[in-house]
Amino acid sequence: MRLTKLEMYGFKSFARKTELQFEDGITAIIGPNGSGKSNIADAVRWVLGEQSAKALRGAKMEDIIFNGTEAKKALAFCEVSLTFDNADGELLTDYAEVCIARRMYRSGESEYFINRGACRRKDIAELFRDTGVGKEGYSIIGQGKVEEILSSKSEDRRNAFEEAAGVMKYRVRKEEAERKLANTRGNLERLNDILEELGRQVEPLREQSEAAREYLKFRDELREIEINVFLYQYDRLNEKLRTLSESLSQQSGEIARLVALDSELARGCAGEEERERALNVSISEVQSKLLALSTGVETRAGESKVYREKLASLIRERERAEAAIAGNAAALERLGREIAEKSKLLEGKRGAFAADDAKLAGAAAALEEMAAEIERSDETLERRKNEMIAALNRLTDAKIVISRFETMRGSLVERLAAVEEGKKAILEKAARLDREHAEAVAFGEKLDAERSELEKAKNGAISHLNETNRKLRETREAVRGAEQQAEAGRARLKVLEEMKRAHEGYYTSVRNLLRDVERDPSLKRRMEGVVAELLSVPSKYETAIEMALGAALQNIVTSTEEDAKAAIEYLRSRDYGRATFLPVSAMRPRLLDARERAMCDAPGFIGVASELCGFAEKHRGVMENLLGRTVVVDDLAAGIEINKRAKSAFRIATLKGDIINPGGSMTGGSVQKREFSLVGREREIEELKNRSVSLAAQRERLSKEAEALEAELARAEAELSSRTEALHARDVGIAAHNEKLDIIKKYVSAARDELLEANAEMSRVRDDIESIDGRFRDAERDSSELEQSGAASREDIRAAQEKLAALRQEYAKRSAGVSDARVAAAAAGRELASLGAEVERLRREAAQVRAAIEQEKRALEASNALFEANTRDMGALESGIEAERKELDALADRLHGMEEERARHLVALDELRARREAGAQELQEARDASHRAEIGVSRAEMELKAMQDRIWEDYELTYENAQPYRRQIAVTASHVRIDELKKAIKALGDVNVGSIEDYKTVKERFDALSVQYEDLTAAEADLRTLIEELVATMENEFRRQFARIQANFSETFAELFGGGSAQLVLSDKDDILNCDIDIIAQPPGKKLQLLSLLSGGERALTAIALLFAILKLKPTAFCILDEIETSLDEVNVSTVAQYVRHYSKDTQFIIITHRKGSMEVCNALYGVAMEEKGVSKIVSARFEA
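Residues 6 to 1190 (the numbering used here) make up the sequence shown, in order.
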């Protein structure tokens, strides 16, 4: 047999499916600490059947399942399988390859498999029996095995030797046999006690069972009649319930319809309210747009007015310029004609003048000089005129600007007045909205207060409902508790009365006599009763009185001695036995005298027993005779003290039942607790009867309380429903009010925004007015300066004109003088000069006119361009104003339509709300009717439940189970027969019906247990024999195997140490199964000494030598060595490794190690690492070393 493969999934840190192939020789599994390599050894140990979580290095078995990491989820199960080559047939199976597997779930369930077929753990253990492979064998050797050998605890080391010697299985069987023997002894003791008890019960039960059969005949007939009466009444009541249920169903359908209608109306209201809210939002938006658009239209209208005024001014300017151009053109045309005429005349006269030119040269030169001066003066005058015209143009422009500023200021003032008027309206609107908001807030607070009150009322209703529910549950629990107590009391009373009737607890002679007394009236007249029945003892003194009276409790009281004598003869004649009789006529009181009473006056004294009990006056002599000299005390210490004082003159009884007898003897100890006491039986029966009456009254009272609470619960539910509906209605009102408040808040916010905008607009208009005023003042200042400058220019021109006129006069004078000097040429010269001057003047004047025309044309062109630009701007502005006015009209129409639509929605909403209120009223009426029907159904169901409870309590039957008993009955006759049967049953007295079966059961059990007792006695003897045989086998096997281990140990020690010797020593050869086992070793060059005295490395190597000795004793197909060489140095590691290589010829070794010397001898290596935290992986490929 050879191990070929190990597969793991989900085992400890091997989260993924992992497979390791094994060949012959040595395979090493290496890896750093914490990588999970030792988990491989745990996996093999687990799959072979290991049941101890501690052996697998866990706290509980579920710890072996991969528990997850931060990156990987936990698994639900784990599985490990081992595959073996069974070609040599070492495993007793027909398969050449055997695969064993074990699977475990987090629930704790574990499954085993052989060749994928389900099996038991025992089957796997059987498969590997005597192969050396298994959890108890040495196929897996780890640090634990080394530590067992090195342990200072003798039991740990012995476990290793007993496992090796094969004794452990016998020890387990021996311990199991000892446990069985102890259990058998305990069972025998319990059986003996049970048989004694059953023996006392058999005879009384036989008598009771005979009396019970007659009772059963009457009971069965009564049962049949009462069941049929129940069925008759149940059917009538069920029919009534059906009628009520149909009515309730109809009411429920009507309620459902009304609720659906209410839901539909609520949805309609919600839809209308939502549409109204949407319309309100839209209306608010349209109003905002309308306001903004109106403001824009007004602003643009003011701008248009400014443009019109500007255009009117430009038209006036253009008309003036055109008139000036036309006048100058006419003047230019006139000048042109004059110039042409004068030029033609001048040209005609030049010839004549040229002839006279020489003559007039001097005069002409002088005249020319003056003419030049005149021309210069004229030019200066023209220049001054041009400058004045320019100044006039500038003045005109300034006047136009002033006019425009005046127009703009007027528009702004109007705009300011309009904004102030709008502000007043906004302020009024804001004030109104603030009042509405304050009123809405106050109303909302009122609604909240009302809701708070309604909430409190609802909470109060809920608390009341919960409290009523709690009280109802408690009351019902109390009813059930009272019923249970009553049932327990009835059962107890039944048992006590049965015992009383059967006179159980009395001696046979007394019991037989009392039974005959009940049947024989003549005998009954002679008997007063038994002492136990004639006494009435408080419960706390019962133990003391019972112990004090002892057997006297069963004494029989008779009226006279003759009666006592007759009773004694009666006992003798029927061979009933003996009894003690107490004749009232003969019994005399035995009381404490005054001195003895005084002695009792001490701590712990309770009273004289006869005074603590109740009894009939005629029995006083008897009772005082029995108890008159008995004192009851608290405890034994008080009794001893009083006894010392009284010198043991009377009997003393403690509450615990200890007795100090006259004379000083004491009786005491534990008092066996008995379920029924003779002395307390009558008291308990009476108490139970009274308690039964009390519990019945209590149950009746609690049932009425439950009914009242159920009614109160119905009222509380109705109140809660009413409060809930009122609260819901208030919530709806609050929601509607909150919506209205939100709308008002939006209006208030919009009004405040409008007010802020109006204030901003007023500020902007005032700033514009102030700016225009400043520019207006600047323009007026410029106009005044221009007017002043124009006046100065006109004065300069006038002065220049006067100067020019003077020059011209001078020129004329000189010209006349020249004419006088030159007679012949004077006329021509003057005429030519005058004509030339005139031509020149005309030309200059024409040039000036042309210049004025050009200047006016340029001004006209500029004015026309500005006119066109302003016309275009005004056209665009007026087009925009017209579009905005159309949009304004459209928005106004839209706003009107939306307001009309909102009004329609409000009307529809009011109609829906009215319909919903009417529906709510109808729904409430339907619910009230349904509630009344529910109450009727509930009452009918309660009556049915009460009938079912009664039939169940009486006969444990339901209505369905009672059907087989149904037959036709006459109800009246049935009630009569029921009364007759009940009287007949009552006449029978108390009957123990269970005694029939009890007798049969007890008798059968008594017989069966008797057989068991005999069987257990035989089993006890067999177990003792088995234990002795196992001990002998263990001693022989341990002695034989221990000798072989010792021989192997000597060899392996010498081989590993290179010499030296070692031996195993039993500390007590007479007790080889329990004595200590010492290891004595002598390494080469050292003296013989105990293992504990060796160095750490020597101790470890010695332990390994012993393990190899055991392995040599019980060779195994494969062996896993789990870091057993950890404590060795490198030299010894290599020594152990070479030793393993030597043995690998016959055994397949798997070494878990991280030591170099161990790796060097391996045929194959596997590497284990944690690439992912918490998850082990075979990371290195398998390769031949």
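Note that the Cβ used here is the ideal one computed from N, Cα and C, for glycine as well.
- A direct Cα-to-Cα measurement between residue 418 and residue 886 gives close to 20 angstroms.
- In this structure, the CA atom of residue 923 is about 10 angstroms from the CA atom of residue 917.
- Under the DSSP assignment, residue 10 falls in the beta strand (DSSP E) whose first and last residues are 7-14.
- Going by DSSP, residue 1142 is part of the alpha helix (DSSP H) stretching over 1135-1148.
- Scanning its chain for C-beta atoms nearer than 8 angstroms, with the 5 sequence neighbours on each side dropped, one finds around residue 952 the residues 235, 238, 239 and 242, in chain order.
- Around the beta carbon of residue 147, a 10 Å sphere encloses 16 or more other beta carbons of the protein chains shown; the residue is thus reported as buried.
- Excluding residues up to 5 positions away in sequence, 1061 lie with their Cβ nearer than 7 angstroms to the Cβ of residue 1140 in the same chain.
- The straight-line gap separating the alpha-carbon atoms of residue 986 and residue 233 is approximately 15 angstroms.
- Boundaries of the beta strand (DSSP E) around residue 87: 82-90.
- Apart from sequence neighbours up to five positions away, the residues of its chain that approach residue 214 with a beta-carbon distance below 6 angstroms are 1000, 1001 and 1004, ordered along the chain.
- Taking a cut-off of 8 angstroms on C-beta distances, the segment 36-52 touches the segment 76-93, as three or more cross pairs fall below it.
- In this structure, DSSP gives residue 546 a helical state, which the three-state scheme calls helix.
- The beta carbon of residue 964 sits closer than 7 angstroms to those of 239 and 953, all from its chain and outside the five residues before and after it, given in chain order.
- Taking 9 angstroms as the cut-off, the Cβ atoms of residue 69 and residue 133 do not count as close.
- Cβ-Cβ separation between residue 592 and residue 627: approximately 5 angstroms, consistent with a contact (criterion under 8 angstroms).
- Residue 533 is a Cβ neighbour of residue 564, given a cutoff of 9 angstroms.
- In the DSSP assignment, residue 35 forms a beta bridge with 1172.
- Counting every other CB atom within 10 Å of its CB across the protein chains shown gives residue 494 a total of 16 or more, marking it as buried.
- For the segment 277-309, there is no continuous alpha helix (DSSP H) assignment of 4+ residues that stays within its boundaries.
- Comparing alpha carbon positions, the residue from 477, 457 and 325 closest to residue 717 is 477.
- In the assembly as shown, residue 778 is an exposed residue. Its beta-carbon has fewer than 16 other beta-carbons within 10 Å.
- Sixteen is the threshold: since fewer than 16 other Cβ atoms of the shown chains lie within 10 Å of the Cβ of residue 184, the residue is exposed.
- Judged by pairs of C-beta atoms under 8 angstroms, the segment 55-66 does not touch the segment 1168-1177, as fewer than three such pairs exist.
- Excluding its 5 nearest sequence neighbours in each direction, residue 22 has C-beta neighbours in its own chain below 8 angstroms: 12, 13 and 14, listed in chain order.
- Contact annotation: residue 8 and residue 1122 have beta-carbon atoms nearer than 9 angstroms.
- A direct Cα-Cα distance of roughly 7 angstroms separates residue 46 from residue 1125.
- Sequence-distant Cβ neighbours of residue 801 in its own chain, meaning closer than 6 angstroms and more than five residues away, are 389.
- Assigned with DSSP and collapsed to three states, residue 659 falls in strand.
- Leaving aside the five residues that flank residue 615 on each side, the residues in its chain whose CB is nearer than 6 angstroms to its CB run, in chain order, 628, 629, 632 and 633.
- Here residue 320 is exposed: its Cβ has fewer than 16 other Cβ atoms, across all protein chains shown, within 10 Å.
- Contact between the segment 1014-1031 and the segment 1096-1116 is not established, with fewer than three Cβ pairs separated by less than 8 angstroms.
- Check the Cα spacing between residue 348 and each of 1102, 1006, 1010 and 840: the tightest is with 840.
- Secondary structure note for residue 117: it is in no alpha helix (DSSP H), and the uninterrupted beta strand (DSSP E) holding it is 115-119.
- The beta carbon of residue 558 sits closer than 7 angstroms to the beta carbons of 536, 537, 551, 683 and 684 from its chain, once the five residues preceding and following it are set aside; these are given in chain order.
- For the pair residue 231 and residue 109, the Cα-to-Cα distance works out to about 60 angstroms.
- Residue 521 has its alpha-carbon roughly 22 angstroms from the corresponding atom of residue 499.
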